[in-house]
Structures are given as structure tokens and as C-alpha cells.
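For reference, the structure is listed below as C-alpha cells.
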Amino acid sequence: MELQVQLLMNTLQIGSVYVLFALGLTLIFGVMKIVNFAHGTFFTAAALIVSSVMIWGVGTMGLSIWFSYLLAFFLALVVVCLIGFVVYIFGFQYFLKDLNGSFILSIGLLLLLNGTFLILYGGVPRSIPDVIPGNVSFLGASLTLQRLVLMIVASVITLGLYILVHRTKLGLSLRAVAEDQEAAMLQGIPFRRVALYGFLIGATLAACAGALMATVTPVTTVIGDDFLVKAFIIIIIGGLGSVLGAILGGLLIALIESFGGYYFDPSTATLAMFVLVVVLLIVRPQGILGHAEK
Amino acid sequence: MSMKKIIGITSGALLALFSAQTAFADETLKVGVSAPMSGAAAAWGLGFEYAAEQAVEKVNSEGGIKAGGKTYMLELHAYDNKYNAAEGAKTAQTMLNREKIKFIVGSIGTAPVRATQALSERQGVLLFNTGWGKSIKGPDYPLTFTQMNTPFEILAPFFGYIKEQHPELKTVAMITPNDATGQEVEPVAVKSWNDLGVEVVSTDRYERGTTEFQSIATKIANSKPDGVDFGAAPPADVGSIMKALDVLGWNGVKIVAPGTSAGTLSKMAGGAAEGTYLGASADFQGDSASETQRKLNEGAIAKLGESLNGITISSYDAVMALKKAIETADSIDPKKVAETLPTIIFESSYGPAAFGGTNVYGSPQQILIPVMITQVKDGKAVEVGRVAPEELKERLK
């Protein structure tokens, strides 16, 4: 029983960040109909900013860890939003609904940004001091307080996005554009502006995931790449463009990783994810909660 | 004399003068390095590049390499292989086909080394490497030489020392990356543990690039082993797994055979790294370090913030071996240099060293240097044992 609780807790810890990251990717696809291979760089940028601001804040300025982290988190979101804005204005807005063009653009951006990070930060993994030290025990399962807070914050952000998409005017516009762009435009919805908002929200979600993960894992200039591969698996399983699908897919992948990694080994669990994708693409290509192309 | 004639004679004289000058000028010999300079194993690649730079600088400042009546100044070209086969192949293409490099003085990672070797052996390029796989050496690969100790040299004395210190060690769980290095290290490690009467209760593999290790830590902690052998995992990954194990309350003997970077390990795992045994690290600040090692190490700390170790310092030793072999062979033909390498004794950072290992690999392609056993104490690697290879002792007699 304790073991099952521990594995379940592991699932939630891993899944909460996967969901957050994949939501951004699926939102961008849903609204803009592009696949953004540079999405992982938003995650990486935020994690790197958090690590450098924390080192500067705590080490050089003598600020408290908490204050340094909050400052770093805020700065990471602002910088990533700015990067997102620039790449949208000078790049993606010319390739809306263009899978081939956006594929080439995003791959180019991925290489450019990864190279820039490497020049700026070097290749050595970075780690930041514990923001919330200590462990907690729950029904025999152990986890760090930091992971628990990360889980809670990620869940709150996910809930916030769900409310934004389903209960606000902007959310309605996003869904309308995702559903049928022409019909949405006929109703007076400014497609390009909504696409920009969707892209910025997606980038911000990736930044949130990166800024949260920086507290619990070594930060490297390619950290976002591993998450990007998982995010693609997640949104294919959940259904491209589906918010609920991304949540479901994220938790399912985390479940496979956690239980599969325990009962078999991590490599077998990774293999199982790809097998699941292949099976799903054969029997339900639109994903669990995705809509079939008309 | 017509103006045309004057110009002709002057041009001819200038051309002859220029040709004579260039004949006596130093020539450049390009040497390459392919190592991970980003990602979890970046600490290895950056230190590796630094040590190679220092060796090249030393060789050049001492007048270069003399062979065939010419003097060659070395020029280093270093590339990031990201510790994977695809990037290894890419860097090999660049080194061999674009830069026309004939001597690779260091390559890290069995997978990228194999990718490089596929080209280097075919194109007659000498390849020094740190690959831990046994399959990369042997009579089929006459131009490939290993520049550091591998599991076949390290594991028996390393595990033996640990077992001596911890007689209560009866079970070990093993976790290693699922790539060429991990796959080749695992069976050797399992056999070495079994030979010591230690049972390996589980062997698990993970993909490089993994960032979440809770599941595997849960599995290891739940099997309650006396020790964990982290196989061929790089320092950042080991640190993450140790941290996760610490949260789960496991606190046994921690063993990292390719363990090199005590600094990175301590940064990642904090207090959980204390007491970890490292098989490829070195205490280059300790009493047993040579003057060269001490100097190189100080420079690395100042530049990279990280001490050198068994992997990173090996590029310095490869450059020194190359210099001696080229001068002994009196040729820069990689094939002649490769034939000469096993016959020389050269001055490595450890002191006199040679190439041997025919009894294990079928041909003398393995560097013979001492195995150093270190332990993490207060975040630093402290040497606790040193074993010199018997073959080297024989050669030096």
C-alpha cells in the first residue's frame, strides 16, 4: 500500500509539470495550427534565468532565498514572454496554419536559441539552493516539501488555464478560433490578435514549468528537449489542441513512467510510451479527446 | 637591361626567397577533441578541452613536435558531441572531412567514439578515446587507443577496496544509462561484484537526458540494497538519483565507478553525496598528485570552477603520448605513429606511462596508469587508495 501511494505521488510530481508544459504546446497548436519545436527553449530559458538570478540574488546580493526565487520566477516569465512576442512578430505570424513553414522556422529557432544559451551559460549543469527545505511524509510516501509546493502551484496554474479557456471571453475566442477560424472571424473575432495571445499564454506556461522545475533538477541548456519529446507524446495521446486531453495525457505518461519505471525499468517505460503512441495513431489518430479532421 | 627583364629577375628572386623562408617555417598539425560540452556530462567535456589546450600550449611553447626534418606546432579543434552517437558522427565528419584532422587526441563516450571510429579507422586517422566499451579496441581497430582506465582496469581493484572497507556489503543495486557505455559496463560490473561475493539485486537502465528519477529511486530504495552502483551515469544524473534516494530515507554505500566530478556531484546532491566512492576521480590537490597534475588542476579550478579528474586530464596525457610517438616514429603518418605507440614510454601527468593490455583486448591499445580510488569528503574528492598496474611496473623495470 505504501509503495502504491509512493508511486502515485511520483506520478503526480512528474505529471504536474508535464501537464503544464504540454498545455502550452497544445494551446499553440489549437489556435495557430502550428507545431512549435522551439517550445522547449521557453522552458529552458526560464530555468536558466531562475538559476542565474537565484545565484546572483542569494550569492552576490545576499537576498533571502524566497525573495530571490520570486524575483527570478517573475523575471523568467517576463523575459520568456518577450522572447515569445519577438519570435511571434518576426516569425510565426507569417506561418499561421502553415505546418511546413512553421516546422522549418521552429527548428531554426530551436537551434538558434539552444546555441545562444550554450554561449551565454556554458554547458555545465547548474543547481540552485533549496527554496523550501525539508521532506514530508504522506501515508508512508516521502517527498520533498519543494516537490509538494511545485505540484500544488502547477495544479493551480492548470486550473487557472482551464477557467481562462472555458469561462472567459478570451477563452471563448481561443476556442472559437481553434474550432473554426473562418467562422470565428465572421463573428468579429480578431484571429491574429487571438493567435498572439494564445502563443504568449503557451510560452508563459512553458516558462512556469521551467521556473518550477529549476528548483528540483539540475538545469542545463538542453533541459527543455527531454520535456518537449514527452510533451509531443502527451498531446498526441490526449488529442492535438485539447486542453483536457493534455491533462489526461500528461498524467497517463507520468503514470507509465512511474509504475513502468518501478515494475520494469525506465528504458522499458520510455519504450512503452512510444508503443502507446503507435497503437493510438493506428486505432484513434485524433487522440483520446481530440476531434477528427473534417 | 629592359624593364621587363628587371621585373622578371626581381620577381624570381622574391619568389625564391619566400619559398626558402617557408621551408624553414613551422608547420601546423591539427589535433581534434570530441567531447560533451553541454548537458549532464558537460563537466567532463569542458575539463577535457581545458587539459588538451594546456598540453598543446606546453608542446608549442617547448618548440613543437619534430619529425621528418620538420617542426610541427599543434592546433586544437574541439567539438561538442553531446554524448550521443548522432552528434559523435557529426563531429567526426567535421574533424575528418572538413578540417582534415589526422590525430584525435580525445573523444568521450562509447557511443560517439564508435561513431567516430567508423570513420577514423577507414580514413587512417589515429583516435585516442576514453570509451569504456571493450569492443572499441582490438586487432580490428589498430588506430584506436584508450587514454584512461576503463572498467577492466578499474572495477576489480575499486570494488575490492570498497568491499574491504565495508565487509557488511552483501547486496548492490545497479543503475546505468541505456547506451553503449552502460550496456558494456553492466556485465563487467556484475561479474566483478559476484567475484567478491556481493549479490547484484537489480540492474536498471535509463535513457540519457532523463530528468525525473523518482521511480527508479523508489525501486532501488524498496529493494533495500547495502550499496548502489551508479554504473556509467554522469555526475549530474548521479546527483539527482542520490537526492531522490535521500528523500526516501536510503543511506547505504554509494559507488560511482566512472565517478569523476566530486564538485558537480556535491552541488547536485548536497549532503547526500558525502562518502560516495569515485573510481575515475582524482585528488589532484593531494600529496600523491604530481607537480604537473597540481598545476593543471589549479588552472582548471580557476577557469572552470571544477577540479580535473581521471577523464578530463586524459587529453593532456594523449597529447604527450602523441608527441613522443611522432618523434620516435619520425613521421606524422598516423599508421606509423600507431605502430610506435605501444613501444614507447612517455611522460604522462601521472609520471612515466605506456600502452599495453594485450591480455585483455588482444592488442596493446590501453594506457597503463594507476587506478585512483577517491571518496567525497566535505564536497571534495579525497584519495583513499591507489593501485598501479602490474604490466606498467614490468615495463618500467
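Residue numbers (the numbering used here), protein chains in the order written: chain A, 1 to 294; chain B, 295 to 691.
Where is the CB? At the ideal position from N, CA and C, for every residue including glycine.
Contacts that residue i makes with chain A (C-beta to C-beta distance below 9 Å)
| i | result |
| --- | --- |
| residue 516 of chain B | 3, 6 and 262 |
| residue 339 of chain B | 123 |
| residue 533 of chain B | 125, 127 and 218 |
CB-CB length for residue i against residue j, believed under 8 Å
| i | j | result |
| --- | --- | --- |
| residue 272 of chain A | residue 287 of chain A | The Cβ separation is near 17 Å, so there is no contact. |
| residue 659 of chain B | residue 396 of chain B | With 8 Å as the limit, residue 659 of chain B and residue 396 of chain B do not qualify as a contact, their Cβ atoms being about 18 Å apart. |
| residue 675 of chain B | residue 575 of chain B | 4 Å |
| residue 242 of chain A | residue 11 of chain A | 20 Å between Cβ atoms; not a contact. |
| residue 598 of chain B | residue 348 of chain B | Their Cβ separation, rounded to whole angstroms, is 12 Å, which puts residue 598 of chain B and residue 348 of chain B out of contact at 8 Å. |
| residue 326 of chain B | residue 606 of chain B | At roughly 16 Å, the Cβ-Cβ gap does not stay under 8 Å, so residue 326 of chain B and residue 606 of chain B are not in contact. |
| residue 176 of chain A | residue 163 of chain A | The Cβ separation is near 17 Å, so there is no contact. |
| residue 353 of chain B | residue 628 of chain B | Wrong, their Cβ atoms sit about 17 Å apart, outside the cutoff. |
| residue 246 of chain A | residue 238 of chain A | 5 Å |
| residue 403 of chain B | residue 475 of chain B | 6 Å |
| residue 220 of chain A | residue 334 of chain B | 6 Å |
Chain B contact residues for residue i, given Cβ-Cβ distances below 7 Å
| i | result |
| --- | --- |
| residue 118 of chain A | 332 |
| residue 223 of chain A | 505 |
| residue 51 of chain A | Within chain B, no residue comes near residue 51 of chain A; the closest Cβ sits about 11 Å away, beyond 7 Å. |
| residue 13 of chain A | 508 |
| residue 135 of chain A | 541 |
Chain A residues whose Cβ lies nearer than 8 Å to that of residue i
| i | result |
| --- | --- |
| residue 562 of chain B | 125, 127 and 218 |
| residue 530 of chain B | 125, 218 and 220 |
| residue 336 of chain B | 122, 123, 124, 125 and 220 |
| residue 554 of chain B | None at all; the shortest Cβ gap to chain A is about 13 Å. |
| residue 558 of chain B | 124 and 125 |
Residue i, buried or exposed, once every other Cβ within 10 Å from all chains shown has been counted against 16
| i | result |
| --- | --- |
| residue 269 of chain A | buried |
| residue 69 of chain A | buried |
| residue 617 of chain B | buried |
| residue 137 of chain A | exposed |
| residue 152 of chain A | exposed |
| residue 380 of chain B | exposed |
| residue 775 of chain B | Lying outside 295 to 691, the shown extent of chain B, residue 775 of chain B is not represented and no answer is given. |
| residue 279 of chain A | exposed |
| residue 183 of chain A | exposed |
| residue 585 of chain B | exposed |
| residue 1 of chain A | exposed |
| residue 323 of chain B | buried |
| residue 392 of chain B | exposed |
| residue 603 of chain B | buried |
| residue 668 of chain B | buried |
| residue 441 of chain B | buried |
| residue 686 of chain B | buried |
| residue 315 of chain B | With a pLDDT of 46 at residue 315 of chain B, under the threshold of 50, the modelled position of this residue cannot be trusted; read the value that follows with caution. Exposed, by the Cβ-count rule. |
| residue 94 of chain A | exposed |
| residue 236 of chain A | buried |
| residue 61 of chain A | exposed |
| residue 318 of chain B | For residue 318 of chain B, the predicted model reports a pLDDT of 47, less than 50, meaning its position is unreliable; a value from the coordinates is still stated below. So residue 318 of chain B ends up on the exposed side. |
| residue 166 of chain A | exposed |
| residue 338 of chain B | buried |
| residue 478 of chain B | buried |
Chain-ordered neighbours of residue i on chain A, where CB pairs are closer than 7 Å
| i | result |
| --- | --- |
| residue 542 of chain B | 142 |
| residue 500 of chain B | 266 and 267 |
| residue 512 of chain B | 6, 7, 10 and 262 |
Bridge-paired residues (DSSP) for residue i
| i | result |
| --- | --- |
| residue 702 of chain B | With chain B covering only 295 through 691, there is no way to say anything about residue 702 of chain B. |
| residue 136 of chain A | A/143 |
| residue 640 of chain B | B/647 |
| residue 471 of chain B | B/500 |
| residue 11 of chain A | BP columns for residue 11 of chain A are empty, so no partner. |
| residue 371 of chain B | B/326 |
| residue 523 of chain B | B/468 and B/549 |
| residue 676 of chain B | B/669 |
| residue 660 of chain B | B/440 and B/650 |
Listed by chain order, chain B residues near residue i by CB distance under 9 Å
| i | result |
| --- | --- |
| residue 270 of chain A | 472, 500, 501 and 504 |
Within chain B, partners of residue i - CB distance below 8 Å
| i | result |
| --- | --- |
| residue 226 of chain A | 503, 504 and 505 |
| residue 257 of chain A | 506 and 509 |
| residue 100 of chain A | The contacting residues do not exist; residue 100 of chain A stays about 23 Å from chain B at best. |
Review point. Can you find at least 3 beta carbon pairs, one from the segment 399-410 of chain B and one from the segment 366-380 of chain B, that sit closer than 8 Å?
Key: yes
Exercise for review: Kindly confirm or deny that the segment 459-475 of chain B and the segment 497-510 of chain B touch, where touching means at least three C-beta pairs closer than 8 Å.
Suggested key: yes
Review point. Would you call the segment 455-468 of chain B and the segment 429-443 of chain B in contact, with 3 or more CB pairs under 8 Å?
Key: no
Practice item. Evaluate the contact criterion for the segment 71-81 of chain A versus the segment 32-51 of chain A: three or more CB pairs, one atom per stretch, below 8 Å. Key: yes
Check your understanding: Do the segment 502-518 of chain B and the segment 238-258 of chain A meet, that is, are 3 or more Cβ pairs less than 8 Å apart?
Key -> yes
Point to revise | Given 8 Å, three or more beta-carbon pairs between the segment 13-26 of chain A and the segment 174-194 of chain A | key: no
Check your understanding: Does the count of Cβ pairs from the segment 211-225 of chain A and the segment 143-151 of chain A closer than 8 Å reach three?
Key -> Output reads yes: the segment 143-151 of chain A touches the segment 211-225 of chain A.
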